[in-house]
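Engineer: Numbering (the numbering used here), first residue to last: 16 to 273.
Here a beta-carbon is modelled for each residue, glycine too, at the ideal position from N, C-alpha and C.
Every value quoted in this text rests on a predicted model; they were computed, and no experiment measured them.
Here it is, the structure in full.
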């Protein structure tokens with residue numbers, strides 16, 4: 016998908032040009048055929064559609080309601096994601112989210128006390144996420160960049176090159192959304208356009224199984240097939256999604272396998 020970058024006002028042109036050089040994105044021009052462009056404003060960086068007239072700008076803001084409302088629950092440990100990852104009081108798990116997307120699950124895990132590293136390969140998504148993180152750290156002093164970070168990389172390449180091993184690795188292969196919200200549908204559609212198609216996530220799953228110390232968690236549509244035809248050790252089921260959990264360590268007292 017063609018994406019350019021644009022400064023909302025002349026005073027921001029140098030920042031737009033810096034991002035253009037760093038991520039090899041073209042600068043916006045009315046003459047060029049771009050589907051979307053990243054608009055650098057004083058408040059944030061936003062994604063705008065050039066072809067859809069009624070398109071509202073989208074940006075990442077970890078302080079807005081859609082991120083914060085789930086953290087207002089009295090007991091975050093009751094979230095399906097928390098159960099799937101194995102979050103416990105004072106456990107301080109190291110979690111890698113290999114399919115960061117808009118960062119929603121990663122943010123929730125940070126609020127649960129995990130140290131989370133997001134891995135993302137889409138240049139527009141990386142720019143939007145990084146901008147969201149920078150603004151988040153300006154207002155949220157209790158969480159450091161070592162607790163909530165972003166790496167620009169292909170997830171499989173990253174796993175193959177790093178010697179680090181997290182406790183848990185999370186995967187969220189995109190599936191047709193059953194949620195009715197117009198915003199959810201729009202964000203899913205844009206995400207699919209921004210990301211290059213990844214027909215088979217099995218190689219990434221197998222690499223994750225070798226790298227995670229404790230478990231690999233895969234978020235799936237409720238009726239989606241198992242990744243790699245491998246049955247999980249256990250599952251947590253929601254109304255439209257499920258979490259498949261694969262142990263990467265042998266449970267003490269059990270023999271053979273995960």
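1) Under 8 Å between the Cβ atoms of residue 188 and residue 242?
2) Looking at C-alpha atoms only, which residue of 219, 257, 185, 209 is the closest neighbour of residue 229?
3) Measure the alpha-carbon distance for residue 61 versus residue 75 and round it to whole angstroms.
4) So what's residue 74 in DSSP terms, helix, strand or just coil?
5) Could you check how far apart the C-beta atoms of residue 247 and residue 259 are, in whole angstroms? I think they sit under 8 Å.
6) Quick check: what's the CA-CA separation for residue 32 versus residue 102?
7) Using only CA atoms, which one of 78, 27, 110 lies nearest to residue 132?
8) Beta-carbon of residue 231 versus every beta-carbon of chain D: anything under 8 Å?
9) Use the C-beta contact count for residue 139: other C-beta atoms within 10 angstroms, 16 or more gives buried, fewer gives exposed.
10) Express the C-alpha separation of residue 65 and residue 153 in angstroms, rounding to a whole number.
11) What residue range is occupied by the uninterrupted alpha helix (DSSP H) comprising residue 149?
12) Quick check on residue 254: buried or exposed, where buried means 16 or more other Cβ atoms within 10 Å of its Cβ?
13) Is it buried or exposed for residue 194, if we count other Cβ within 10 angstroms and need 16 for buried?
14) Taking its Cβ as the centre, do 16 or more other Cβ atoms sit within 10 Å of residue 69, making it buried, or is it exposed?
15) For the alpha helix (DSSP H) that contains residue 28, what are its first and last residues?
16) Confirm, please, whether the CB-CB distance from residue 167 to residue 125 is below 8 Å.
17) Would you report the Cα separation of residue 114 and residue 134, rounded to the nearest angstrom?
18) So the beta strand (DSSP E) residue 185 belongs to, where does it begin and stop?
19) Can you name the start and end residues of the alpha helix (DSSP H) that residue 126 belongs to?
20) Could you check what DSSP says for residue 64 in three-state terms: helix, strand or coil?
21) Mind checking whether residue 165 and residue 148 have CB atoms under 8 Å apart?
22) Tell me the DSSP secondary structure of residue 204 in three-state form.
23) Roughly how many angstroms separate the alpha carbons of residue 112 and residue 45, rounded to a whole number?
24) In the DSSP assignment, find the unbroken beta strand (DSSP E) run with residue 309 in it and report its ends.
Structural biologist: With the structure as the only source:
1) For the purposes of this step, residue 188 is taken as residue 173 along the chain shown, with counting starting at 1. For the purposes of this step, residue 242 is taken as residue 227 along the chain shown, with counting starting at 1. Contact flag set, yes.
2) Numbered from 1 along the chain shown, position 214 holds the residue referred to as residue 229. If we check each option's Cα against that of residue 229, 185 comes out closest.
3) Within the chain shown, residue 61 is the residue found at index 46, counting from 1. Within the chain shown, residue 75 is the residue found at index 60, counting from 1. Near 8 Å, if we compare the C-alpha coordinates of residue 75 and residue 61.
4) Within the chain shown, numbered from 1, the residue matching residue 74 stands at position 59. The answer is coil: DSSP assigns residue 74 none of H, G, I, E or B.
5) Sequence index remark: in the chain shown, residue 247 carries index 232 (1-based). Sequence index remark: in the chain shown, residue 259 carries index 244 (1-based). Right, the Cβ-Cβ distance comes to about 4 Å (below 8 Å), so this counts as a contact.
6) As a position in the chain shown, residue 32 is number 17, starting the count at 1. As a position in the chain shown, residue 102 is number 87, starting the count at 1. Roughly 42 Å separates the two Cα atoms.
7) Stepping through the chain shown from its first residue, residue 132 is reached at position 117. Taking only the C-alpha atoms, the option nearest residue 132 is 110.
8) In the structure shown, chain D does not exist; there is a single protein chain.
9) Looking up residue 139 in the chain shown gives position 124. Buried: at least 16 other Cβ atoms inside 10 Å.
10) Translated into the one-based positions of the chain shown, residue 153 becomes position 138. Translated into the one-based positions of the chain shown, residue 65 becomes position 50. Near 31 Å, if we compare the C-alpha coordinates of residue 65 and residue 153.
11) Within the chain shown, the letter at position 134 stands for residue 149. Counting along the chain, the alpha helix (DSSP H) containing residue 149 begins and ends at 138–154.
12) Here residue 254 refers to the residue found at position 239 when the chain shown is read from its first residue. Label assigned to residue 254: exposed.
13) Walking along the chain shown from the start, residue 194 turns up at place 179. With a pLDDT of 45 at residue 194, under the threshold of 50, the modelled position of that residue is not reliable, and the figure given next carries that caveat. It counts as exposed.
14) Translated into the one-based positions of the chain shown, residue 69 becomes position 54. By the 10 Å Cβ count, residue 69 comes out exposed.
15) By 1-based counting over the chain shown, the position of residue 28 is 13. Taken as a continuous stretch (DSSP letters only), the alpha helix (DSSP H) holding residue 28 covers 28–38.
16) Taking the first residue of the chain shown as position 1, residue 125 is located at position 110. Taking the first residue of the chain shown as position 1, residue 167 is located at position 152. Contact flag unset, no.
17) For the purposes of this step, residue 114 is identified with residue 99 of the chain shown, where counting begins at 1. For the purposes of this step, residue 134 is identified with residue 119 of the chain shown, where counting begins at 1. Each residue's Cα considered, the two are about 6 Å apart.
18) Your numbering for residue 185 matches position 170 in the chain shown. Here the beta strand (DSSP E) through residue 185 covers 183–186.
19) Residue mapping note: residue 126 aligns to position 111 of the chain shown, counting from 1. First-last of the alpha helix (DSSP H) with residue 126: 119–126.
20) Reading the chain shown from its first residue, position 49 is the one you call residue 64. Residue 64: strand per DSSP, three-state reduction.
21) As a working note, residue 165 is residue 150 in the chain shown. As a working note, residue 148 is residue 133 in the chain shown. Yes, the pair counts as a contact, with Cβ atoms nearer than the cut-off.
22) Here residue 204 corresponds to residue number 189 of the chain shown, with the count starting at 1. In this structure, residue 204 counts as helix in the three-state DSSP scheme.
23) As a first step, residue 112 is located in the chain shown; it is residue number 97 there, counting from the start. As a first step, residue 45 is located in the chain shown; it is residue number 30 there, counting from the start. So the two alpha carbons sit approximately 36 Å from each other.
24) Residue 309 lies beyond the residue range present for the chain, which begins at 16 and ends at 273; the question has no answer from this structure.
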